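Asker: For reference, the structure I am asking about is given below.
In this note's numbering, the protein residues as written are 83 to 482.
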């Protein structure tokens with residue numbers, strides 16, 4: 083004889099099953115509520131030393147045991163899951179056996195991910211310094227999640243990330259990486275999975291040093307350093323540390339390192355351009371004695387004369403690692419010097435004009451074409467559409 087179960091009991095049973103399922107899900111779910119690696123690893127931070135990492139993991143014995151069990155199931159070890167470079171923690175790598183189910187779970191917790199040009203799913207949270215990505219496999223169930231921490235990059239460009247400095251000798255570079263003693267290009271794998279670092283040489287000096295970064299690392303980098311300044315209609319982004327002069331330029335997925343100066347510091351407060359220093363009015367003998375490492379003397383065979391210039395630090399908008407000032411020499415005395423100051427947008431150009439007026443006084447004459455007159459009679463500023471040319475004279479500037 084059939085006996086119907088009262089609806090109240092069915093509802094109660096269903097509620098009990100759902101509650102039980104949620105309990106199991108919570109028990110099997112190793113991921114935090116905000117974006118971050120599983121099993122308590124989100125308590126770590128990029129840039130931590132191995133000793134600091136060990137100390138943090140030792141505080142959570144329950145999660146550590148669950149983590150080791152999960153790693154054994156995927157034939158991984160903790161050493162392979164945590165990536166270090168120069169003793170600093172970078173990425174955390176975690177493999178899951180059911181990629182589709184994990185993606186559904188993380189969407190419910192972390193929201194909808196962004197999609198990179200390489201079809202990676204990327205999660206980022208403002209309340210967490212971790213960025214996560216995964217490439218969903220076309221075949222198979224398992225997939226690997228990669229976690230990058232914005233704190234790995236620090237708060238601004240630094241020597242630890244750059245490793246090599248443009249102009250560094252091969253001997254100095256090879257002390258950092260012995261492979262550079264003979265190689266012309268070095269590729270070393272840093273703590274960022276799917277990224278690498280390159281140093282190129284011209285002769286016996288480092289010419290370029292840069293990192294190639296995956297999308298999630300670029301997201302973490304921007305979270306660490308802020309929006310930066312854009313160049314070339316947004317194609318490149320620049321960050322600079324005014325104190326150390328380290329500059330980082332992001333061009334697509336390549337992060338170039340060199341040293342430069344903020345343009346305000348490059349211009350300075352003195353009578354001439356600060357980056358050039360006191361050159362105008364000096365003799366060649368004085369320059370050879372005091373600035374011999376920066377003085378360039380090139381003989382022009384066609385005109386049968388020597389051309390003089392000075393190496394000076396690049397300013398932040400200049401894509402070159404170093405810049406030069408051309409010198410006009412008469413009877414072994416520098417009578418004038420010329421430098422260029424690049425601008426990228428009309429707003430930057432207007433800022434520079436205001437700085438010129440602050441430094442050299444307001445305009446005292448009508449603008450003659452691209453010639454912006456300032457009060458200091460030794461200074462001439464020419465607008466060349468993408469940059470200003472600043473001419474400095476020992477006496478008054480020439481009258482047009």
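Backbone N, C-alpha and C define an ideal beta-carbon position, used for all residues, glycine too.
Predicted model only: the values in this text are computed from it and were never measured.
(1) I need the DSSP call for residue 463, collapsed to helix, strand or coil.
(2) What is the rounded straight-line gap between the Cα of residue 463 and the Cα of residue 269?
(3) Just checking my contact of residue 224 with residue 288 at CB under 8 angstroms: how many whole Å lie between their CB atoms?
(4) Have a look at the DSSP bridge pairing and note the partners of residue 30.
(5) Apart from the five residues just before and just after residue 475, which ones in its own chain have a Cβ nearer than 6 angstroms to its Cβ?
(6) Taking residue 469 as part of the beta strand (DSSP E), name the residues at either end of that continuous run.
(7) In angstroms, rounded to a whole number, what distance separates the CA positions of residue 144 and residue 121?
(8) In three-state DSSP terms, what is residue 185?
(9) Helix, strand or coil for residue 398? Go by DSSP, reduced to three states.
(10) With H, G and I counted as helix, E and B as strand and the rest as coil, what does DSSP make of residue 338?
(11) Beta-carbon within less than 7 angstroms of residue 106's beta-carbon, same chain only, minus the 5 sequence neighbours each way: which residues are those?
(12) Would DSSP call residue 408 helix, strand or coil?
(13) Skipping 5 residues on each side, what residues in its chain have a beta carbon closer than 8 angstroms to that of residue 435?
(14) Can you pull the DSSP bridge partners for residue 388?
(15) Which of the three DSSP states, helix, strand or coil, is assigned to residue 432?
(16) Can you list the beta strand (DSSP E) stretches of 3 or more residues lying completely in the stretch 228 to 285, in chain order?
(17) Go to residue 287, then tell me how far its beta strand (DSSP E) extends in each direction, as first and last residue.
(18) Measure from the alpha carbon of residue 156 to the alpha carbon of each residue in 171, 142, 175, then state which is nearest.
(19) Straight-line CA distance for residue 292 to residue 244?
(20) Closest to residue 377 by C-alpha separation, out of 148, 405, 400, would be which residue?
(21) Would the beta-carbon of residue 146 fall within 7 angstroms of that of residue 139?
(22) Quick check: the stretch 365 to 379 against the stretch 324 to 333, are at least 3 beta-carbon pairs closer than 8 angstroms?
(23) Answer yes if the stretch 230 to 240 comes into contact with the stretch 123 to 140, meaning at least three C-beta pairs across the two stretches below 8 angstroms, and no otherwise.
(24) Tell me which same chain residues have a C-beta within less than 8 angstroms of the C-beta of residue 170, skipping the five on either side of it?
(25) List the whole-angstrom C-beta distance separating residue 313 from residue 426, where the pair is believed to meet the contact cut-off of C-beta under 8 angstroms.
(26) By how many angstroms is the C-alpha of residue 220 removed from the C-alpha of residue 204?
(27) If we count the other Cβ atoms within 10 Å of its Cβ and call it buried at 16 or more, is residue 151 buried or exposed?
(28) With distances taken Cα to Cα, identify the nearest neighbour of residue 206 among 465, 303, 424.
(29) Does the contact criterion of 3 or more C-beta pairs under 8 angstroms hold for the stretch 252 to 271 versus the stretch 336 to 351?
(30) Measure how close the beta-carbons of residue 162 and residue 239 come, nearest whole angstrom, since I'm counting them as under 8 angstroms.
(31) On the criterion of 16 or more Cβ atoms from any shown chain inside 10 Å, does residue 394 qualify as buried, or is it exposed?
(32) Tell me where the beta strand (DSSP E) around residue 418 begins and ends.
Answerer: Based on what the coordinates show:
(1) For the purposes of this step, residue 463 is identified with residue 381 of the chain shown, where counting begins at 1. Residue 463: strand per DSSP, three-state reduction.
(2) Residue mapping note: residue 463 aligns to position 381 of the chain shown, counting from 1. Residue mapping note: residue 269 aligns to position 187 of the chain shown, counting from 1. Looking at the two C-alpha atoms, the distance is approximately 44 angstroms.
(3) Counted from its first residue, the chain shown places residue 224 at position 142. Counted from its first residue, the chain shown places residue 288 at position 206. With a Cβ gap of about 41 angstroms, residue 224 and residue 288 do not count as contacting.
(4) The requested residue 30 does not occur in the structure, where the chain is confined to residues 83 to 482.
(5) Position 393 of the chain shown, counting from 1, holds the residue named residue 475. Contacts found: 418, 460.
(6) Within the chain shown, numbered from 1, the residue matching residue 469 stands at position 387. Its beta strand (DSSP E) spans residues 469 to 475.
(7) Translated into the one-based positions of the chain shown, residue 144 becomes position 62. Translated into the one-based positions of the chain shown, residue 121 becomes position 39. One C-alpha to the other measures close to 9 angstroms.
(8) As a position in the chain shown, residue 185 is number 103, starting the count at 1. Helix.
(9) The sequence position of residue 398 within the chain shown is 316, counting from 1. In the structure shown, residue 398 sits in coil (DSSP, three-state: anything other than H, G, I, E or B).
(10) Here the question's residue 338 lines up with position 256 in the chain shown. Strand.
(11) Your numbering for residue 106 matches position 24 in the chain shown. Below a pLDDT of 50, predicted positions are generally treated as unreliable, and residue 106, at 32, falls in that range; the measurement from the model is reported next regardless. So the list is empty, once near-sequence residues are dropped.
(12) Within the chain shown, the letter at position 326 stands for residue 408. Of the three classes helix, strand and coil, the one that applies to residue 408 here is strand, per DSSP.
(13) Counted from its first residue, the chain shown places residue 435 at position 353. Once the five neighbours on either side are set aside, the close Cβ partners of residue 435 are 454.
(14) Reading the chain shown from its first residue, position 306 is the one you call residue 388. Beta-bridge pairing links residue 388 to 381.
(15) Translated into the one-based positions of the chain shown, residue 432 becomes position 350. DSSP places residue 432 in helix when its eight states are reduced to three.
(16) 267 to 270, 278 to 284
(17) Against the chain shown, residue 287 aligns to sequence position 205. Residues 287 to 294.
(18) One-based indexing of the chain shown puts residue 156 at position 74. Checked all of 171, 142, 175; the closest Cα to residue 156 is 175.
(19) Counting from one through the chain shown, the residue named residue 292 turns up at place 210. Counting from one through the chain shown, the residue named residue 244 turns up at place 162. When rounded, the distance between both Cα atoms is 7 angstroms.
(20) To locate residue 377, count along the chain shown from 1; it is residue 295. Closest by alpha carbon: 405.
(21) Reading the chain shown from its first residue, position 64 is the one you call residue 146. Reading the chain shown from its first residue, position 57 is the one you call residue 139. Their beta carbons are under 7 angstroms apart, which means residue 146 touches residue 139 by this criterion.
(22) no
(23) yes
(24) Numbered from its first residue, the chain shown carries residue 170 at position 88. Hits under 8 angstroms: 128, 129, 130, 131, 234, 242, 273.
(25) For the purposes of this step, residue 313 is taken as residue 231 along the chain shown, with counting starting at 1. For the purposes of this step, residue 426 is taken as residue 344 along the chain shown, with counting starting at 1. With a Cβ gap of about 5 angstroms, residue 313 and residue 426 count as contacting.
(26) Translated into positions along the chain shown, residue 204 becomes position 122. Translated into positions along the chain shown, residue 220 becomes position 138. Those two C-alpha atoms are separated by around 17 angstroms.
(27) For the purposes of this step, residue 151 is identified with residue 69 of the chain shown, where counting begins at 1. When all chains shown are included, residue 151 counts as exposed.
(28) Taking the first residue of the chain shown as position 1, residue 206 is located at position 124. Residue 303 is the option with its Cα nearest to residue 206.
(29) no
(30) Stepping through the chain shown from its first residue, residue 162 is reached at position 80. Stepping through the chain shown from its first residue, residue 239 is reached at position 157. Contact doesn't hold; Cβ gap of about 30 angstroms is too wide.
(31) For this step, residue 394 is matched to residue 312 along the chain shown. So residue 394 counts as buried.
(32) On the chain shown, position 336 is the one that residue 418 refers to. That run of the beta strand (DSSP E) goes 415 to 424.
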